[in-house]
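Residue numbers (this note's numbering): 73 to 323. Working notes, beginning with the structure itself.
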Amino acid sequence: MEELEIPIFLQCFFEFLGTFIMILLGCGVVACTTLKNSKGNGGGWVVVTLAWGLAVMCGVFIAGPYTGAHLNPAVTIGLAAAGKFDWAMVIPYIISQLIGAFLGGMTVYWFYKDHFDATDDKDSKLGVFATIPAIKNLKRNFLSEVIGTFVLILVILFLAESGNTAEVGLGSIGALPVALLVVVIGMALGGTTGYAINPARDLGPRLAHHILPIKGKGSSQWKYAWVPIAGPIVGSLFAVLVFWAYRLLIQ
């Protein structure tokens, strides 16, 4: 029996919803572990990376059956460049991801508003929404995002090669492998920049931080914002080049 084609609107809706849930839970754990008087305050990097992996897994559960669960412009661009996704759908997917990420960041603020009000540190407040480098060195920060995303996309492409599903994306390789992949990238490569490895994950919530009336919030650090946007895209394209080299070698 022939499979029904999923309408474009429905695909975009599930990319939006999956990204929204991912950001709500991912940024939520940062708020939980860093904002003053939160019961999770001081939970540390292991808690953050584990929860981010599980947040991605939840987004995959939602969007996977409908889109393959990209949830990330770097994934969408990388799959299109690899010939595994229609270029005509790239912009609609990215817009859906950005809206989902923006609203996810907005929701985290309203959920933790009392704790934002109780927290004085401006970087802690921004860090809930967007990535901030541990040591500001834009060239090295950019390289960190390139390498982290290179690993993400390369593993996705290779795992999808041996999969049995027609859709390609985070959901193609299963929710648990995706979660573990994000966790290990965070634990191994996340210490320098906070590992955005996803332009929507950083840009959407950073825009929310810029707009929201957060008490004593400080700067949204837009001069740094290009790093978690450009770095993941470049890393994704490098991963595709390696993937194509592999395909040429085995043919």
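For glycine and all other residues, C-beta sits at the position ideal for the given N, C-alpha and C. The model shown is predicted, which means the values in this text are computed figures rather than measured ones.
{"Asked": "Can you give me the C-alpha to C-alpha distance between residue 215 and residue 114, rounded to a whole angstrom?", "Found": "28 angstroms"}
{"Asked": "Buried or exposed: residue 95, going by 16 or more other Cβ atoms within 10 Å of its Cβ?", "Found": "buried"}
{"Asked": "Would you report the Cα separation of residue 306 and residue 276, rounded to the nearest angstrom?", "Found": "19 angstroms"}
{"Asked": "Could you check what DSSP says for residue 239 in three-state terms: helix, strand or coil?", "Found": "In this predicted model, residue 239 has a pLDDT of only 48, less than 50, meaning its place in the structure is not dependable enough to derive any value."}
{"Asked": "Assuming residue 163 and residue 89 are in contact, meaning their beta carbons sit under 8 angstroms apart, how far apart are those beta carbons, in whole angstroms?", "Found": "Their Cβ separation, rounded to whole angstroms, is 18 angstroms, which puts residue 163 and residue 89 out of contact at 8 angstroms."}
{"Asked": "Quick check: the Cα distance between residue 187 and residue 101, rounded to an integer number of angstroms?", "Found": "13 angstroms"}
{"Asked": "Taking C-alpha atoms, which residue in 161, 284, 250 and 118 lies nearest to residue 231?", "Found": "250"}
{"Asked": "Starting from the C-beta of residue 171, find all residues in its chain whose C-beta is less than 7 angstroms away, skip the five residues before and the five after it, and write them out in chain order.", "Found": "88"}
{"Asked": "Quick check on the burial criterion: 16 or more other C-beta atoms within 10 angstroms. Buried or exposed for residue 124?", "Found": "buried"}
{"Asked": "When DSSP labels each residue in this structure, what does residue 145 get in the three-state scheme?", "Found": "helix"}
{"Asked": "Would you please state the rounded distance, in angstroms, between the beta carbons of residue 109 and residue 190? I believe it to be under 8 angstroms.", "Found": "5 angstroms"}
{"Asked": "To the nearest angstrom, report how far apart residue 107 and residue 217 are at their CA atoms.", "Found": "25 angstroms"}
{"Asked": "Could you work out which residue in 211, 311, 319 and 159 is closest to residue 296 when comparing CA atoms only?", "Found": "211"}
{"Asked": "Please classify residue 83: does DSSP put it in a helix, a strand, or coil?", "Found": "helix"}
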